[in-house]
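**Student:** Quick one: the structure is below, and I'll ask about it shortly.
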Amino acid sequence: MGRMKDLYIEICNANNGEIPKDLTIADIARMKELQIYEWKQYEKEMENIRLQRAKEDNPSETKKMEIAERKFRHVHKEDED
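The opening position of the sequence shown corresponds to residue 4 in our numbering, with each subsequent residue numbered one higher.
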């Protein structure tokens, strides 16, 4: 119980005292693994991981993935401003 409580506190502190609405148990486990508790930062990291895996799995699709990645970064950059 102590570990879950610590994770809960870490996530709340990193997200302005709130638990993200879309947070799942799998997300919590991955956040702990990555040691990233802020939701937007976590989502960006997961997208980067997904894009990297797609590049590795489909080398011929690399150009399309690079375009999608630039668009994704542009959209999230605007969110931060």
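By construction, the Cβ of each residue, glycine as well, lies at the ideal position given by its N, Cα and C atoms. Predicted, not measured: the structure shown is a model, and the values here were computed from it.
Less than 7 Å between C-beta atoms, sequence neighbours within five positions excluded: which residues of the same chain meet that for His79?
**Tutor:** Lys47
**Student:** Do Ala57 and Tyr40 have their CB atoms nearer than 9 Å?
**Tutor:** no
**Student:** Just how far apart, CA to CA, sit Pro62 and Gln44?
**Tutor:** 27 Å
**Student:** How far does the alpha helix (DSSP H) with Gly20 in it extend, from its first residue to its last?
**Tutor:** That residue, Gly20, is in no alpha helix (DSSP H); it is neither H nor E in DSSP.
**Student:** Pop quiz: Phe75 and Glu50 are said to be a contact at Cβ under 8 Å. What is the actual Cβ separation, rounded to whole angstroms?
**Tutor:** 6 Å
**Student:** Drop a sphere of 10 angstroms on the beta-carbon of Ile14, count the other beta-carbons inside from all chains shown, and report buried for 16 or more, exposed for fewer.
**Tutor:** buried
**Student:** To the nearest angstrom, report how far apart Glu1 and His77 are at their CA atoms.
**Tutor:** Nothing can be reported for residue 1, as the shown portion of the chain is limited to 4 through 84.
**Student:** By the three-class DSSP mapping on this structure, what secondary structure does Gly39 have?
**Tutor:** Here residue 39 turns out to be Ile, not Gly, going by the sequence shown. Residue state, collapsed to three classes: coil.
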